[in-house]
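Using the numbering used here, you'd call the opening residue of the sequence shown number 679 and step up by one each time.
All C-beta atoms in this analysis are idealised placements derived from N, C-alpha and C, irrespective of residue type, glycine included.
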Amino acid sequence: MMPKSKAIIKFDEDDGDRPNFKGAPCTYMDPELFFPDEHGKPDARAELACALCKLRTDCLTYATKHNFDGYWGGTMKSDRKALTRKYERVKCPGCRSEDIMEDRNAGVCLACGLSWPI
Ligand code: SF4
Ligand SMILES: [Zn+2]
């Protein structure tokens, strides 16, 4: 018999660059919370989970690269699109700082250290 997992969200399909989500807060939560209407607001519980999650940078990078729907790394798809638009003044999705640096193919927040691909 398979051991029972407490995880609710499962990341079964590994496409090679998937971060190890083991122990991430979202894996113990209702997946619906992370897939709100794309034009709606993310659920406050999902916002809190991502704000406290140590995998945030990896998760944000992964979702941006794969153009996923849903709330990943504290961002909705529309936020991730804005973050990857060069020459646009963006705010860090982690701390809202405008102190952003472009480092080759990444945006890096100088205030909190969060990064994402651009
Ligand atoms: S940043 Fe949010 S969506 Fe990503 S692994 Fe952490 S809790 Fe889950
Ligand atoms: Zn920041």
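Open item on the list: Within 10 Å of its beta-carbon, does M754 have 16 or more other beta-carbons around it, so buried, or fewer, so exposed?
Closed with: buried
TODO: Quick one: grab the DSSP three-state call for P795.
DONE: In the three-state reduction of the DSSP assignment, P795 falls in the strand class.
TODO: Kindly indicate which residue of K769, T762, D757 has the alpha-carbon position closest to the one of H717.
DONE: D757
Task: Contact under 9 Å by Cβ, G751 with C773 - done: no
TODO: Return yes when at least one heavy atom of ligand 2 lies under 8 Å from the C-beta of R767, else no.
DONE: The answer is no for R767.
Task: Cβ-Cβ separation, M707 to R723 (assumed contact under 8 Å), whole Å - done: Yes, R723 and M707 are in contact; Cβ-Cβ is about 7 Å, under 8 Å.
Open item on the list: ligand 2 and R774: does the residue's C-beta get closer than 8 Å to at least one heavy atom of that ligand?
Closed with: yes
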